[in-house]
Structure formats: C-alpha cells, structure tokens
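Chemist: Sequence lines, in order, name chains A and B. Per numbering that gives the first Met the number 0: the first sequence = residues 0 to 323. Per numbering that gives the first Met the number 0: the second sequence = residues 0 to 236. Here a beta-carbon is modelled for each residue, glycine too, at the ideal position from N, C-alpha and C. The structure displayed is predicted, hence computed values, not measured ones. Quick one: structure below, then a few questions.
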Amino acid sequence: MITLLKAGLLATVQDLGRPGFRDSGMPVAGAMDRQAMAAANLLVGNDPGAATVELTLLGGTWRFEEEVLAAVAGADMSATLDGAPVGPWSSFVARAGSQLAFKSARSGVRAYLAVRGGIDVPVVLGSRSTYARAGVGGFQGRVLATGDRLPVGAALGSAPAPLVLAPREIPPSGGGATLRVLLGPQDDRFTAEGIATFLSGGYRVTPQNDRMGYRLEGPPIAMRGPADIITDPLVPGAIQVPGGGQPIVMAADAQTTGGYIKIAAVIGPDLRLLGQARSPDLIRFTRITQAEAVRAVKGERDGLARLARRIASGAGGGERPWSP
Amino acid sequence: MVRILAQGEGGIVVELGDAIDDAVNARVHALAAAVRAHLDGAVEVVPSYRSLLVLHDPVTHPRAGLVRRVRTLAEGLGETLVSVPGRVVRLPVCYGGAHGPDLDEVAALTGLSPGAVVALHAAPVYRVHLLGFTPGFPYLGGLDPALTVPRLEVPRSRIPAGSVAIGGGQTGVYPIESPGGWRLVGRTPLRLFDPLRPRPFLLAAGDGLRFVPISPEAFEEQARRVEAGDATVGLEP
C-alpha cells in the first residue's frame, strides 16, 4: 500500500489508457506524458505500461506502507524521501513508513510516481486509467484524495538497481515547445493565410487547460465559412478551431467525437510536450510529412528500448535515449 | 462519394457523405463491419454520422497500403444497402413528472398536448447513428420534426443518468450524470452504461431504438431490479 498523506493539486491513477471502446463514446484517457510514465515504470522494472500515479503541478505527500522500489519521472517537483532529495528522474528503495514529499513543479506540469508491481487498482474495460468525468477506472473512479490507500501489485522478475538518470538522459519538459503536426482532416476549411498564421504565430496556453484539452490563444486562424461540421471522430492531439479562430488541442481525455473543424493533429510522440505545458507557455506548430511522423514514432519507441536496456544494465548512460 | 483524409499519423478518416442521413449512416456502419472483418492492421474503428475513423499503427501497418484497401472496401459497399438496423432495443421510459421535468414546456413550445408529445416521441424506431459526448450517449436519427424544440438557454449542470431529452432536431439519452442543454422529457430505469457489467454498453452504433412508455410505478420497480443487478429488466417483450 501507499497512502496519500496530503493531497497536492490533482492526482489520478493512469496507465496507457483504454483504447478499444471509442465506438461506444469512451475516451481513451491514460497518462498525459507517456514517455515519462514509461520511464518511471522501467526504472522500477515494470512493464512500461503499468499503472502509475499522475501528479499535476503539486504532488502532495505520500507514505509507503511497505518496502518497495519506487521511481519518479516527468516534471521536477523537488521530491524528497524522508527529507533527502531524490533526482527528478530516479528510482529508490522506499522503506515501510518512509515519506515521499513533492513540492510544486519547477517546470513542466506532470510527474509520475511508479512502484514496483504497479498500482493495483481494478482493471476496468482493459485499463486501470482514471476517467473521472464518467467515474471509470483508477481508484474508485475518481481523483485521489488525502487518506486514499493504493494497493501495490505483485512484482515479477528481478528488480533493477536504484538509479538516478543524468540530466542528458532526460527529455526536456516545460517552458514552451514546438509541436509537430500533420495537417487535416479539415485543413481545406481554412484559408491559405489561416494555415500560414497557424504555422507561424505562437499560441499561449490559457488557464483553460486540463486532461481533456488545451485552449490556446494567439493570432486568429482564418477559415472559409463556418467552423461547424457534422459531428466527427476526434483523437487526442487533434486541433479543433471554433469560430473565434483560437485553437483547442485535444488531450488524453478528449471526447471521442467533436463538431468543430480540425486544422491538424499533433503527432503522438509530441503529445507529452503538450502535457507538460502550462499557462502562459508559448506553443508553436510545425508541419511535417507522414514519413517524418513515422520516423518520430519509431524514434520514440527506439528511445524507450534504449532506456530499458540502459536501466537493465545499470551502466552509466553513454548515449541519449531520447532522440529529438 | 468516398473521401479519404488523415487525422494524425495513425488515423484514416473515410467520409461517405456530407449529411445526417439514415442511408449515409448505414453505409458507415457497413464499412465499419467490413473493416473490422477484413482489414488487417485496423486497431480500432470509430463510426460517426457520415464518416469512419480507422486507427492503425503507422510503423507496422503503413498508411498508404491501408488507404488503398479501405478505399476498395468503401467502393465495394454497393449502392443497394438497405438501412434496416440489425437489432432493435426497447427502452422503457417514464415520461413527464419528476422524471421528465421539461415535458410540459416541450408541449407548450410545439403546440401539442403532453400526451401527443409522448405518442410522437415513442412512435419511431430510431437509429443509433453514433455514440459520443459521454460513454454510451446515443445520437439518434428519426425524431419527428414536429418535436423540434430549441436547446435550453442555460444548460443544466447536472442531468440524472437515464434522462431522455430533446434538443434542436435531435433526441438522445444521458447515460451518466452530466451537464447538458437538451430538454428532459422522461427517464429510463435502465443503465445505458455500466462499466462493471459484462456488456458495459447497452447500445451499439447502428442499433435501432424504440422508447416504450411506462408508469412511475413501473419505473420504481424496474429501477429497484436494476439496482439489485437484474440484467433482464426491459428485455421482456
């Protein structure tokens, strides 16, 4: 068990989400920064998709009720274990009764707390991810609160040695980002100037951002005609543009359908950068081709595989596991 | 008309029309069935009113090859598709009173009696064009145009699960407690979504749906049985 002694801003149990039910209107949910979540899992010897706790901006204080190998990754929340600092991307043995305290994120937004064996909440529709709007999954279907006790699953195989990843092994997070996009599916509903504006102007993250989507603010994107379409499927990363011309980037909890025109979609590997952006960070969009997007997806997978090898070997990281 | 577009590196959008229409939607569901049955590499398919989203792994199943095969499947659908739902679900609904607080207002807005609103609403076999908005929320085709009413000017922040509502020219059922701006005419004791059931979703896109009026007493009785885990409620003829 791990106990949330003092809740931070927002914490939920998340894994890779709940694909397979979008045709029934069920959002996928899952971690907003999947690379950081996977890294936290790899650091404790879990499957990269095991269930973790996603901490948002302020991580709160946790107590370990049993001795367990634990790890943190993602936004740096200045974690301390019984007062001693642990690295922002590191694993450590937590003794029974020890306390892990987080402060607010120095940069970025979301950190992941993994324990060896994973957070053992019930699997609902194939996933342990919390989709709080419908009360599905996670811990009792809801956001975690002070006093909640999360069960730790049984661990398989041998545990890796505790490890602190070097700064050069950690992907950058926070402080604004350039997100790679593929145009479409409704890019033909925008004027050439509108698309040029979208790709050249920077957009600020507004306070209206959450696990469902990020409302951005910047130069209005000019469209041809109305912003409405017949309600259509929507994926995390899709960029909807309502009539005012200000983009909304959909995130992990995106509803499965939407009625606004979509100018483009952020590629999967760059969604973590969105999940680590906060108001008023500046977001820029750069257009890439399908071939470049496929290379980026491969690069993300190769990076995770290298990280897994590096953790298993325990040797110092000679190569950067995360290609740009 | 077959139009193929991209949504992200792993999403292929197939548009089969540009209208909310039973015939177009029937083709969407026929294509969804064909893709599920025949397209190796389709991880997930998401039907909507007039388009289908096919999700794939862009590394193991590259886009170009899948697009060719999806186009072949779409063009092979033929023009003679009959829009008859494969299954018709009968949904018990208690109209009016506490369960349908807007029924009288809908009657006033349409110039009909509350009884006539119920009769018109319960007459058709609706088509579940798609599920969206919240898990299990059916967007239905087939509402009698005489029942078209404007949405509420101020949406409610909490609508009880099971509420049956009309908004604009559309009607639907709220599966979980959620905000919403449609007018509530009744409520079903059945659960359209229960994640802990073997079949979590009562409805599938493409189904037919019929509303069966029941009394407040029947609502209470059926609601108690649903609460007790009885999965047969509403299935009796």
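CA-CA distance, Tyr173 of chain B and Ala41 of chain B?
Modeler: Rounded to whole angstroms, Tyr173 of chain B to Ala41 of chain B spans 30 Å at the Cα level.
Chemist: Which residues mark the beginning and the end of the alpha helix (DSSP H) in which Phe91 of chain A is found?
Modeler: Note, Phe91 of chain A: premise wrong, no alpha helix (DSSP H); beta strand (DSSP E) at 89–93.
Chemist: When you compare only the Cα positions, how much space is there between Pro123 of chain B and Arg214 of chain A?
Modeler: Their backbone Cα atoms lie some 40 Å apart in a straight line.
Chemist: Rounded to whole angstroms, what's the CA-CA distance from Ser322 of chain A to Lys297 of chain A? Just pull it up for me.
Modeler: Below a pLDDT of 50, predicted positions are generally treated as unreliable, and Ser322 of chain A, at 48, falls in that range; the measurement from the model is reported next regardless. About 10 Å.
Chemist: Determine the closest residue to Leu102 of chain B out of B:Leu76, B:Glu216, B:Leu119, B:Ala222, with distance taken between C-alpha atoms.
Modeler: Residue B:Leu119 is the option with its Cα nearest to Leu102 of chain B.
Chemist: Start and end of the beta strand (DSSP E) containing Val248 of chain A?
Modeler: Note, Val248 of chain A: beta strand (DSSP E), 247–249.
Chemist: Can you give, in chain order, each stretch of the alpha helix (DSSP H) that sits fully within the stretch 145–199 of chain A and has at least 4 residues?
Modeler: Listed in chain order, they are 191–199.
Chemist: Excluding the five sequence neighbours on either side, which residues of its own chain have a C-beta within less than 8 Å of the C-beta of Gly316 of chain A, listed in chain order?
Modeler: In this predicted model, Gly316 of chain A has a pLDDT of only 49, less than 50, meaning its place in the structure is not dependable enough to derive any value.
Chemist: Give me the chain A residues within the contact set of Gln169 of chain B, using Cβ-Cβ distance strictly less than 7 Å, ordered along the chain.
Modeler: Chain A residues near Gln169 of chain B: none, gap ~10 Å exceeds 7 Å.
Chemist: Start and end of the alpha helix (DSSP H) containing Ala73 of chain B?
Modeler: Start and end: 62–74.
Chemist: Measuring only the C-alpha atoms, how far is Leu143 of chain A from Met249 of chain A?
Modeler: One C-alpha to the other measures close to 23 Å.
Chemist: At 9 Å on the CB atoms, spell out the chain A contacts of Val92 of chain B, in chain order.
Modeler: Ordered by position in chain A, no residue passes the 9 Å Cβ test against Val92 of chain B, which lies about 20 Å from the chain.
Chemist: What first and last residue would you give for the alpha helix (DSSP H) that runs through Pro324 of chain A?
Modeler: With chain A covering 0 to 323 only, the question about residue 324 of chain A has no answer from this structure.
Chemist: Compare the C-beta of Phe132 of chain B against all C-beta atoms of chain A and say whether one is closer than 8 Å.
Modeler: Yes, its Cβ sits closer than 8 Å to a Cβ of chain A.
Chemist: Measure the beta-carbon distance from Ser128 of chain A to Gly137 of chain A and round it to whole angstroms, keeping in mind my assumption that it falls under 8 Å.
Modeler: Right, the Cβ-Cβ distance comes to about 7 Å (below 8 Å), so this counts as a contact.
Chemist: Grouping DSSP H, G and I as helix and E and B as strand, with all else coil, what is Thr109 of chain B?
Modeler: The answer is helix: DSSP assigns Thr109 of chain B an H, G or I state.
Chemist: Counting pairs of beta carbons, one from the stretch 200–214 of chain B and one from the stretch 82–96 of chain B, are three or more of them closer than 8 Å?
Modeler: The answer is yes - the stretch 82–96 of chain B touches the stretch 200–214 of chain B, with three or more Cβ pairs under 8 Å.
Chemist: Among A:Pro235, A:Pro268, A:Thr230, A:Leu273, which has the Cα closest to the Cα of Tyr259 of chain A?
Modeler: When each option's Cα is compared against that of Tyr259 of chain A, the closest is A:Thr230.
Chemist: Between Ala221 of chain A and chain B, is there a C-beta pair that is closer than 8 Å?
Modeler: Chain B, which has no Cβ nearer than 8 Å to the Cβ of Ala221 of chain A, makes this no.
Chemist: Should Arg196 of chain B be flagged as near chain A, meaning a C-beta pair shorter than 8 Å?
Modeler: For Arg196 of chain B, the answer is no, since every Cβ of chain A falls outside 8 Å of its Cβ.
Chemist: Tell me the DSSP secondary structure of Gly16 of chain B in three-state form.
Modeler: Coil.
Chemist: Ser50 of chain B versus chain A: which residues are under 9 Å apart at the beta carbon?
Modeler: Simply Pro184, Ile229, Asp231, Pro232.
Chemist: Return the CA-CA distance between Gly166 of chain B and Leu151 of chain B, expressed in angstroms with no decimal places.
Modeler: If you take the alpha carbons of Gly166 of chain B and Leu151 of chain B, they lie about 8 Å apart.
Chemist: Residues of chain B with a CB under 8 Å from the CB of Lys261 of chain A: which are they?
Modeler: Correct list: Gln6.
Chemist: Decide if Met0 of chain B is buried, meaning its Cβ has at least 16 other Cβ atoms within 10 Å, or exposed.
Modeler: Answer is exposed; the Cβ neighbour count stays below 16.
Chemist: With H, G and I counted as helix, E and B as strand and the rest as coil, what does DSSP make of Val296 of chain A?
Modeler: Val296 of chain A: helix per DSSP, three-state reduction.
Chemist: So which residues of chain B does Gln289 of chain A contact, with C-beta pairs closer than 8 Å?
Modeler: Residues of chain B passing the Cβ test: Ala5, Glu8, Pro57, Arg62.
Chemist: Taking three-plus beta-carbon pairs below 8 Å as touching, is the stretch 103–116 of chain A in contact with the stretch 70–89 of chain A?
Modeler: Contact holds: three or more Cβ-Cβ distances are below 8 Å.
Chemist: Compare the beta carbon distance of Val43 of chain A and Ala72 of chain A with 8 Å and say whether it is the shorter of the two.
Modeler: No, the pair does not count as a contact, with Cβ atoms beyond the cut-off.
Chemist: When the cut-off is 8 Å and only beta carbons count, does Asp22 of chain A lie next to chain D?
Modeler: No chain D appears in this structure, whose protein chains are A and B.
Chemist: Along chain B, in chain order, which residues have C-beta atoms closer than 7 Å to that of Met25 of chain A?
Modeler: Correct list: Pro134.
Chemist: Using 8 Å as the threshold, is the stretch 90–98 of chain A in touch with the stretch 152–164 of chain A, meaning 3 or more CB pairs across them?
Modeler: Yes: at least three Cβ pairs fall under 8 Å.
Chemist: Can you round the beta-carbon distance between Arg182 of chain B and Val105 of chain B to whole angstroms, since I take them to be within the 8 Å contact cut?
Modeler: Arg182 of chain B to Val105 of chain B, Cβ: 5 Å. Contact.
Chemist: Of the residues B:Ala33, B:Pro154, B:Asp17, which one's Cα is nearest the Cα of Gly238 of chain B?
Modeler: Absent from the structure is residue 238 of chain B, since the part of chain B shown begins at 0 and ends at 236.
Chemist: Looking at the unbroken alpha helix (DSSP H) that takes in Ala22 of chain B, where does it start and where does it end?
Modeler: 21–37 is the span of the alpha helix (DSSP H), which, as asked, contains Ala22 of chain B.
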